[in-house]
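For reference, the structure is listed below as structure tokens.
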Amino acid sequence: MGKDPEKQLKKADKLYKAMQYKRAAKLFNTVGNNFLDLGDYKTAKECFFNAAKSAINEDKYLRGLEFLRNAANAALLNKNFSEAYQFYTNALNYVPSLHGTSDRDYQFILFSSLSYLCLFLEGKQEEGLNLVKKTKTFVNDIYFKENYLIKLIKDLTVATKDIKENYLKKIENDFENFKFHEGESYLAKLALVLAKTIVTLKSKSTFDKNVYTTNDIINLTINVDTKPLLDISNSPFYNYKVKELKITKIGIKQSDNFTTYKKPEFPITIIAGQNYQIDLLFKPHFQMEKPFIGPIVLTSELDSNLKFYYEIPETFYPNLISPPPTLDISIKNLRPPLIGQSFPLEIFVENKSEGDALDLNIEIEFPENLKVMRGTLKKQIYSLRSNENMKWEINLKPLEAGDYSIKIKTTFKDPDQNQIGEIKDFPLLIKL
1045 MGKDPEKQLK KADKLYKAMQ YKRAAKLFNT VGNNFLDLGD YKTAKECFFN
1095 AAKSAINEDK YLRGLEFLRN AANAALLNKN FSEAYQFYTN ALNYVPSLHG
1145 TSDRDYQFIL FSSLSYLCLF LEGKQEEGLN LVKKTKTFVN DIYFKENYLI
1195 KLIKDLTVAT KDIKENYLKK IENDFENFKF HEGESYLAKL ALVLAKTIVT
1245 LKSKSTFDKN VYTTNDIINL TINVDTKPLL DISNSPFYNY KVKELKITKI
1295 GIKQSDNFTT YKKPEFPITI IAGQNYQIDL LFKPHFQMEK PFIGPIVLTS
1345 ELDSNLKFYY EIPETFYPNL ISPPPTLDIS IKNLRPPLIG QSFPLEIFVE
1395 NKSEGDALDL NIEIEFPENL KVMRGTLKKQ IYSLRSNENM KWEINLKPLE
1445 AGDYSIKIKT TFKDPDQNQI GEIKDFPLLI KL
């Protein structure tokens, strides 16, 4: 390695303070490479950044960009992706100062693409794409379309949005052609790990029933299968061991007639290779045309480091029907029943359900010792609508004391013409 890098660093600092920027830039860069070889990425990063500042003070923008790239590379080797992103976006501010058109085109694409990869690891792919599109306006159109880094971004985008694994295979096969620095190669492979996760992660969603009424609770189960992540761990290309998948949040789109009744507690941690079942409960409130649940998006992290959004793309359309109509029936003595004396008995029928009761037939049976003096024992009604009621009186004369049972039989149809019938018994005590 030669000279002591610590002494060389102090010398470079002195040169910078003395405004001998050309010599300072060269020495900072040399010392930065020395610290890089020693694995001291933090000091190497600071050296490269100082080299960049020195070169820019001399208006040597192309050299300054080279040193900023080196600083970002050291930050990546130190696994500080946000810091690398700051170096890349800082570099983009100086690209317009380059004189040569070809230099500007190359540097615009280089630093915007590397910025995109940093944002990709934070689950900010759209923000990264917008940055690349913004710089496109400054680059020759043909050069932009044919650039290998732009093709890399396009393939990553198609793979993750359209769930096409073959586009990731294409990137793997062409990887050596990208000519990345060591830290940049690490960054790009992490982006591919994340893309592979998005593309291959498996989920299956099921409902607990085929048909629900507006009174039911809907149970949607999502089974997350992380076995495909083991393929990443076993691949020599990625050189990455996936430890766990963490789900930190869930986003659900749903029609206005649903509310989310229950969500699981977050975060959910799944060891790579295992399955996990997420249970979601929904409460429907009213009928509407084509009620829906989904898409569902899981905000996730790989090893608490690589962030992404996993979308369960299906939109579910639960088969939702109104609950079948039910009738509330009661009887009431309008006078105390006495042996040998008639008394009025009121029969009250109410439809408290949401659906109409159609073709309603009511039949009442009394025991022999309750003689019917006046009133009808059968009623036929075309419909009893929701929240409607009806009542009538029957005069009875008890012949003997005792515990009696009055039987009321009802049959009717729901709005879908399904036949519904029930028999209810009502006790009646006749005292001496």
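Heads up: take any position in the sequence shown, counting from 1, add 1044, and you land on the working numbering.
Virtual Cβ for every residue (Gly too), placed ideally from N, Cα, C.
Because the structure is a prediction, the values reported are computed rather than measured.
Open item on the list: Give me the DSSP bridge partner(s) of T1304.
Closed with: F1326
TODO: Output yes or no for whether 8 Å exceeds the beta carbon distance between L1071 and A1056.
DONE: yes
Open item on the list: Rounded to whole angstroms, what is the Cα-Cα separation between D1447 and L1382?
Closed with: Each residue's Cα considered, the two are about 13 Å apart.
Task: Whether L1165 touches A1118 by CB criterion (8 Å) - done: no
Task: Residue ranges of each alpha helix (DSSP H) within the region 1216-1271, 4 or longer - done: 1226-1244
Task: Backbone secondary structure at E1050 - three-state DSSP - done: Taken through DSSP and simplified to helix, strand or coil, E1050 comes out as helix.
TODO: Report the partner residues of A1135 according to the DSSP bridge assignment.
DONE: Under DSSP, no beta-bridge partner is assigned to A1135.
Open item on the list: Is the beta carbon of N1134 closer than 8 Å to that of L1482?
Closed with: The displayed coordinates of the chain run from 1045 to 1476. Any statement about residue 1482 would go beyond what the structure contains.
Task: Three-state secondary structure (DSSP) of Q1130 - done: helix
Task: Classification of L1274 by the beta-carbon crowding that lies within 10 angstroms, buried from 16 upward - done: exposed
Task: Local Cβ density within 10 Å of P1471, reported as buried at 16 or more and exposed below that - done: exposed
TODO: Quickly, what does DSSP pair A1401 with across the bridge? List them, please.
DONE: Beta-bridge partners assigned by DSSP to A1401: L1428.
Open item on the list: Looking at F1197: is its Cβ nearer than 8 Å to the Cβ of Y1160?
Closed with: For clarity, residue 1197 is Ile in the given sequence; the question names Phe instead. It is a contact, given that the beta carbons lie within the stated cut-off.
Open item on the list: Please report the straight-line C-alpha distance between K1451 and L1389, rounded to a whole angstrom.
Closed with: Going by the C-alpha atoms only, they are around 13 Å apart.
Open item on the list: Suppose contacts are defined by Cβ-Cβ distances below 8 Å. Is I1376 in contact with K1415 by that definition?
Closed with: Contrary to the premise, residue 1376 reads as Lys rather than Ile in this sequence. Contact: no.
Open item on the list: Restricting to Cα atoms, I'd like to know which of G1317, T1087, N1184 is closest to T1145.
Closed with: N1184
- [ ] Hey, could you find the ends of the beta strand (DSSP E) V1393 is sitting in?
- [x] Where V1393 is concerned, the enclosing beta strand (DSSP E) stretches over 1387-1395.
Open item on the list: Quick check: the Cα distance between F1410 and A1445, rounded to an integer number of angstroms?
Closed with: When rounded, the distance between both Cα atoms is 14 Å.
Task: Bounding residues of the alpha helix (DSSP H) (the contiguous stretch that carries I1194) - done: 1192-1206
Task: Whether K1328 touches Y1361 by CB criterion (8 Å) - done: It is Pro, not Lys, that sits at residue 1328 in the sequence shown. Not closer than 8 Å, so no.
Task: Selected residue, minimal CA-CA separation from P1369, among E1170, P1459, N1221, L1136 - done: P1459
Open item on the list: Would you say F1164 lies against chain C (beta-carbon separation less than 8 Å)?
Closed with: The question asks about chain C, but that chain is absent: this structure has only one protein chain.
TODO: Counting only runs of 3+ residues fully inside the region 1333-1385, write out the beta strand (DSSP E) ranges in chain order.
DONE: Qualifying beta strand (DSSP E) stretches, in chain order: 1337-1346, 1350-1356, 1363-1365, 1371-1377.
- [ ] Check whether the region 1397-1413 touches the region 1289-1304, counting contact only when three or more Cβ pairs, one atom from each stretch, lie closer than 8 Å.
- [x] no
Task: Nearest neighbour of K1307, chosen from D1323, N1319, G1317 [CA to CA] - done: D1323
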